[in-house]
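K.L.:
Quick note, the sequences are listed as chains A and B, same order.
Each residue of the first sequence is one higher than the one before, starting from 19 at the first, in my numbering.
Each residue of the second sequence is one higher than the one before, starting from 200 at the first, in my numbering.
Where is the CB? At the ideal position from N, CA and C, for every residue including glycine.
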Amino acid sequence: ELKVEQNPLFLSMQEGKNYTIYCNYSTTSDRLYWYRQDPGKSLESLFVLLSNGAVKQEGRLMASLDTKARLSTLHITAAVHDLSATYFCAEPYNQGGKLIFGQGTELSVKP
Amino acid sequence: NAGVTQTPKFQVLKTGQSMTLQCAQDMNHNSMYWYRQDPGMGLRLIYYSASEGTTDKGEVPNGYNVSRLNKREFSLRLESAAPSQTSVYFCASNRRDRSSGNTIYFGEGSWLTVV
Numbered sequence: 019e020l021k022v023e024q025n026p027l028f029l030s031m032q033e034g035k036n037y038t039i040y041c042n043y044s045t046t047s048d049r050l051y052w053y054r055q056d057p058g059k060s061l062e063s064l065f066v067l068l069s070n071g072a073v074k075q076e077g078r079l080m081a082s083l084d085t086k087a088r089l090s091t092l093h094i095t096a097a098v099h100d101l102s103a104t105y106f107c108a109e110p111y112n113q114g115g116k117l118i119f120g121q122g123t124e125l126s127v128k129p
Numbered sequence: 200n201a202g203v204t205q206t207p208k209f210q211v212l213k214t215g216q217s218m219t220l221q222c223a224q225d226m227n228h229n230s231m232y233w234y235r236q237d238p239g240m241g242l243r244l245i246y247y248s249a250s251e252g253t254t255d256k257g258e259v260p261n262g263y264n265v266s267r268l269n270k271r272e273f274s275l276r277l278e279s280a281a282p283s284q285t286s287v288y289f290c291a292s293n294r295r296d297r298s299s300g301n302t303i304y305f306g307e308g309s310w311l312t313v314v
């Protein structure tokens with residue numbers, strides 16, 4: 019069964035703290051997508067990880083991919099309130115851009 | 200650039216009514232998709248179209264039909280709406296690049312409530 023599992027599903031953080039969101043997937047794909055969604059909005063692409071060992075960073079967010087472990091991580095450094103959102107990882111399956119999404123991690127950063 | 204445009208943004212239907220969600224993209228992409236998003240479940244693929252004139256079922260196709268009218272437009276139809284189809288629907292299109300693979304662009308979403 020194709021499956022993408024994220025944990026935690028809910029994360030309440032204080033500003034300035036670090037934390038990691040984990041994404042486990044079941045396919046043999048060598049790429050992984052991360053999206054951000056604000057309440058009532060569409061999905062915004064954060065990272066596309068294209069190969070084993072890929073690491074990408076944008077501001078306080080850093081994503082990595084380990085295809086052998088079928089694991090991707092999204093690390094948050096020194097969280098700020100603006101990072102409050104729901105974060106999804108997604109794994110392609112078959113060809114043609116079809117994605118299997120994780121359940122999402124709802125992040126709340128409090129002062 | 201408009202990107203991926205969906206209409207309507209909000210709709211309330213009565214059980215048994217039918218409606219069509221419209222989606223258009225202006226990026227000349229071949230592949231288009233319809234996803235639904237329910238609380239705690241991420242997005243699930245309903246139908247997709249790899250190219251003009253072709254459509255195929257995704258993970259949760261029951262109760263839906265689609266039409267790929269031309270390269271730009273991909274519509275989703277609910278023939279007889281049920282409360283279980285209350286959801287947020289996202290249309291997406293795909294730009295395929297040799298070096299970076301697939302880049303998926305999402306529309307703004309359509310909030311559908313079936314009462």
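Is B/Y149 close to chain A, meaning its C-beta is less than 8 Å from at least one C-beta of that chain?
P.N.:
It is not possible to answer for residue 149 of chain B, since the shown part of chain B is limited to 200 through 314.
K.L.:
Using 8 Å as the Cβ pair cut-off and three pairs as the minimum, do the stretch 232-251 of chain B and the stretch 283-295 of chain B touch?
P.N.:
In short, these stretches touch, since the Cβ pair count reaches three.
K.L.:
Taking Cβ to Cβ, would you say B/V314 is nearer than 8 Å to B/T214?
P.N.:
In this structure, B/T214 lies closer than 8 Å to B/V314 by Cβ.
K.L.:
Give a yes or no on whether 8 Å exceeds the smallest Cβ distance from A/L117 to chain B.
P.N.:
It does; some Cβ of chain B falls within 8 Å.
K.L.:
State the Cα-Cα distance for the pair A/T46 and B/R271, rounded to the nearest angstrom.
P.N.:
So the two alpha carbons sit approximately 32 Å from each other.
K.L.:
Counting pairs of beta carbons, one from the stretch 24-31 of chain A and one from the stretch 116-128 of chain A, are three or more of them closer than 8 Å?
P.N.:
The stretch 24-31 of chain A, when compared against the stretch 116-128 of chain A, does touch it at the 8 Å Cβ threshold.
K.L.:
From what residue to what residue does the beta strand (DSSP E) around A/A108 run?
P.N.:
That run of the beta strand (DSSP E) goes A103 to P110.
K.L.:
So, for B/R295: in the same chain, excluding its five sequence neighbours on each side, which residues have a beta-carbon less than 7 Å away from its beta-carbon?
P.N.:
These residues qualify, in order along the chain: N301.
K.L.:
So, is the C-beta of A/L61 closer than 8 Å to a C-beta in chain B?
P.N.:
Taking Cβ atoms only, chain B reaches closer than 8 Å to A/L61, which makes this a yes.
K.L.:
Would you kindly work out how many angstroms separate the C-alpha atoms of B/G308 and B/Y263, rounded to a whole number?
P.N.:
B/G308 and B/Y263: Cα-Cα distance of roughly 17 Å.
K.L.:
If we define contact as Cβ-Cβ less than 8 Å, is A/P110 a contact residue for chain B?
P.N.:
At least one chain B Cβ lies under 8 Å of A/P110.
K.L.:
How many whole angstroms separate the CB atoms of A/I94 and A/L79, which I take to be in contact at a CB cut-off of 8 Å?
P.N.:
Indeed they touch by this definition, with Cβ atoms about 6 Å apart.
K.L.:
Going along chain A in order, which residues have a C-beta closer than 8 Å to the C-beta of B/A223?
P.N.:
Near B/A223 there are no residues of chain A at all, since even the closest Cβ is about 15 Å away, more than 8 Å.
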